[in-house]
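The numbering of the sequence shown is the UniProt record's numbering, which starts it at 1 and goes up by one. Data block below; observations after.
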Amino acid sequence: MSHRTTALVTGGAGLIGSHIVDQALAAGWDVRILDNLQRQTHRQGKPAWVPDAAKFVHGDVRNRRDWERALDGVDVVFHEAAYGGYMPEIAKFIDANGVGTALLLETIRDRRLPVRKVVVASSQAVYNEGAYACPEHGPFYGTSRAIGRLERGDYEVHCPVCDAVAAAVPTDEGAPTGGENTYAISKMIQERLVLAWGKATGVPAVALRYSCTYGPRQSLFNPYTGVIAIFCTRLVNGLPPVVYEDGRQSRDLVYVEDVARANMVVAEDDRANGRVYNVGTGQAAAIGDLARLLAGRLGTPLEPEFPGEFRPGEMRALISDNRRIAELGWAPRTGLDEGIGRYLDWVREQGEIAEYFGAAERILRRRQVVRRAEAAKGMLAAGNRT
Ligand SMILES: NC(=O)c1ccc[n+]([C@@H]2O[C@H](COP(=O)([O-])OP(=O)(O)OC[C@H]3O[C@@H](n4cnc5c(N)ncnc54)[C@H](O)[C@@H]3O)[C@@H](O)[C@H]2O)c1
Ligand SMILES: [Zn+2]
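What follows is the structure, encoded as structure tokens:
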């Protein structure tokens with residue numbers, strides 16, 4: 001290439017975007033950030049980790065003018081900005097994630113911008129329920145769990161043939177997708193818009209389905225995203241982590257620098273063009289164990305609470321099958337123990353940490369984004385809640 005690569009990182013003040021910014025700068029690229037410093041995530045304004053070496057465009061992906069300002073002269077777009085989490089809004093998700101992405105593509109088209117790659121942040125959430133195996137009937141792709149079963153406190157995924165409890169196995173990119181909650185649907189829209197547009201226009205496009213990402217800079221203010229951050233803010237405030245379901249639901253927890261590096265890998269490798277990739281570790285941690293692990297590492301004796309709640313449309317388990325991205329030479333480098341250590345070191349440097357989860361949860365219950373199983377309601381009535 002004759003000139004220096006210029007990258008635009010949307011959401012570049014956030015968790016994943018900010019690490020992409022660092023890695024792109026380290027690679028010698030010119031870097032620009034488009035971020036609206038969403039208040040729920042950045043309660044204290046522009047974070048100190050946004051480097052002076054990157055050009056910061058304070059703007060909103062829902063605003064065409066902001067895209068025009070940010071995209072001028074850009075070679076590679078990493079589209080990370082999104083409205084995320086389990087929240088009651090519906091229109092806002094589609095607006096920020098769907099319309100925001102549409103405006104990105106229209107701006108490139110209408111201004112005939114010479115962008116040579118678009119990498120979009122998708123999510124494991126697009127899998128309705130991942131891959132499972134019945135001890136008797138073998139592998140199958142799960143479907144979203146019925147509310148009636150969840151209400152009875154049956155959180156497992158069952159074999160469609162014999163109804164036995166099935167075990168989660170790694171989910172590959174060929175698994176059925178669609179999205180069973182508003183966030184997931186909006187990520188699906190983003191992914192499909194970018195890939196279909198890339199195919200139609202010939203602009204190389206890649207979608208990355210991240211699994212649960214954690215690490216330094218994950219907002220300590222946002223009570224709706226990041227299970228590790230939410231548990232930590234509870235624990236450092238002397239409050240027990242609140243675990244949904246029975247705590248045996250699991251997630252593939254991937255360290256943020258590994259996710260950022262996956263972005264750099266697909267940006268530079270033509271084999272990735274037009275494709276979708278899982279980005280995860282291939283290992284899953286049970287959420288209840290994670291709550292206890294964090295309490296232990298923070299040196300508090302607080303036991304997690306299991307109030308018997310669930311979120312309709314949430315998956316039971318997701319283990320990312322990362323063989324496809326391994327073909328491009330990517331592999332996770334930071335394991336959970338080391339990653340959590342690095343995250344907690346960062347948390348300890350953050351000074352006073354407030355707790356926003358309790359208030360947020362009351363809103364979510366009112367809006368039925370969080371529901372309580374019938375069995376647990378009975379226990380509450382009997383005064384069994386500790
Ligand atoms: N963290 C995860 O576990 C995870 C998992 C799967 C996918 N993802 C996806 O990865 C991307 C990055 O997530 P993250 O964890 O870094 O989130 P984050 O909240 O830390 O960062 C998102 C950034 O986008 C900005 N932003 C939000 N709305 C915006 C708007 N309308 N205009 C401009 N900027 C806006 C925010 O201010 C923030 O700095 C998102 O697309 C998310 O859906 C994250
Ligand atoms: Zn079976």
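Every residue, glycine too, gets a C-beta built ideally from N, C-alpha and C. Predicted, not measured: the structure shown is a model, and the values here were computed from it.
Asked	Found
Between the Cα of LEU239 and those of GLU68, ALA102, TYR356 and GLN283, spot the shortest distance and give me the residue it belongs to.	TYR356
Please determine, among ILE228, GLU374 and ASN322, the residue with the shortest C-alpha to C-alpha distance to PRO304.	ILE228
Hey, out of PRO332, THR300 and THR177, whose CA is closest to ASP252's CA?	PRO332
How would you label TRP197, buried or exposed, when you count the other beta carbons within 10 angstroms and need 16 or more for buried?	buried
In the DSSP assignment, what residue or residues form a beta bridge with SER250?	ALA286 and ALA317
List the endpoints of the continuous beta strand (DSSP E) containing ASP110.	That residue, ASP110, is in no beta strand (DSSP E); its alpha helix (DSSP H) goes 100 to 110.
Applying the 10 Å Cβ sphere with the 16-neighbour rule, what's the burial state of TRP29?	buried
Please determine whether the Cβ atom of VAL157 lies at a distance below 7 Å from any heavy atom of ligand 2.	no
Kindly confirm or deny that the segment 47 to 60 and the segment 9 to 22 touch, where touching means at least three C-beta pairs closer than 8 Å.	yes
Near TRP346, which residues of its chain fall below 7 Å by C-beta distance, leaving aside the five closest residues on each side in sequence?	PRO216
Sorry if obvious, but does the Cβ on ASP35 come closer than 7 Å to a heavy atom of ligand 1?	yes
Does the beta carbon of PRO135 sit closer than 8 Å to a beta carbon anywhere in chain C?	Checking the listed chains, one finds no chain C in this structure; it contains a single protein chain.
Look at LYS187 and GLY178 and say whether their C-beta atoms are less than 8 Å apart.	no
Measure the C-alpha to C-alpha separation of MET1 and LYS46 and round it to an integer number of angstroms.	Note that MET1 has pLDDT 47, beneath the 50 cutoff, so the model's placement of it is unreliable and the number below is only indicative. Going from the Cα of MET1 to the Cα of LYS46 covers about 33 Å.
In whole angstroms, what separates the C-alpha of GLU173 from that of ASP258?	19 Å
My output table needs one value for SER186: the three-state DSSP class, helix, strand or coil.	helix
Considering only residues of the same chain and omitting the five flanking positions on each side of TYR277, which have a CB-CB separation below 6 Å?	LEU208, ARG324 and ILE325
DSSP state of ILE33, grouped into three classes?	strand
Would you give the residue range spanned by the alpha helix (DSSP H) that ARG209 belongs to?	Note, ARG209: premise wrong, no alpha helix (DSSP H); beta strand (DSSP E) at 205 to 210.
Which of helix, strand or coil does DSSP assign to LYS117?	strand
Spatial neighbours of PRO88 within its chain, please: CB distance less than 8 Å, with the 5 preceding and 5 following residues excluded, ordered by chain position.	ILE363, LEU364, ARG367 and VAL369
Residue ranges of each alpha helix (DSSP H) run of no fewer than 4 residues wholly in the segment 113 to 166, ordered along the chain?	147 to 151
Helix or strand or just coil, what does DSSP make of LEU298?	coil
Would you tell me roughly how many angstroms separate the C-alpha atoms of ARG4 and ALA27, rounded to the nearest one?	10 Å
Run the CB neighbour count on HIS137, radius 10 Å, all protein chains shown included, and call it buried at 16 or more, exposed below.	exposed
Hey, could you find the ends of the alpha helix (DSSP H) LEU239 is sitting in?	From DSSP, LEU239 is part of no alpha helix (DSSP H); its letter is neither H nor E.
Tell me the DSSP bridge mates of TYR255?	TYR214
Please list, in chain order, all residues of the same chain as ALA272 whose beta carbon is under 7 Å from its beta carbon, the five residues on each side excluded.	VAL206, VAL266 and LEU328
Beta strand (DSSP E) containing ALA7: first to last residue?	6 to 10
By DSSP's criteria, ALA168 is part of a beta bridge. Which residues make up the other side?	TYR132
Taking the alpha carbon of ALA133 as the point to measure from, which residue in LEU104, THR171, VAL76 and VAL99 has its own alpha carbon closest?	THR171
For the beta strand (DSSP E) that contains TYR277, what are its first and last residues?	276 to 279
Cβ of ALA286 within 7 Å of any heavy atom in ligand 2?	no
Since HIS42 is in the alpha helix (DSSP H), which residue starts that stretch and which ends it?	It is not in any alpha helix (DSSP H) - HIS42 carries neither H nor E in the DSSP assignment.
Would you call the segment 69 to 78 and the segment 106 to 124 touching, i.e. three or more CB-CB distances under 8 Å?	yes
Return the chain-ordered list of same chain residues with a C-beta closer than 8 Å to the C-beta of GLY383, the five sequence neighbours on each side being excluded.	Low local confidence applies: a pLDDT of 43 at GLY383 is under 50, so the model's placement there is unreliable, with the coordinate-based value given in what follows. Here the set comprises nothing.
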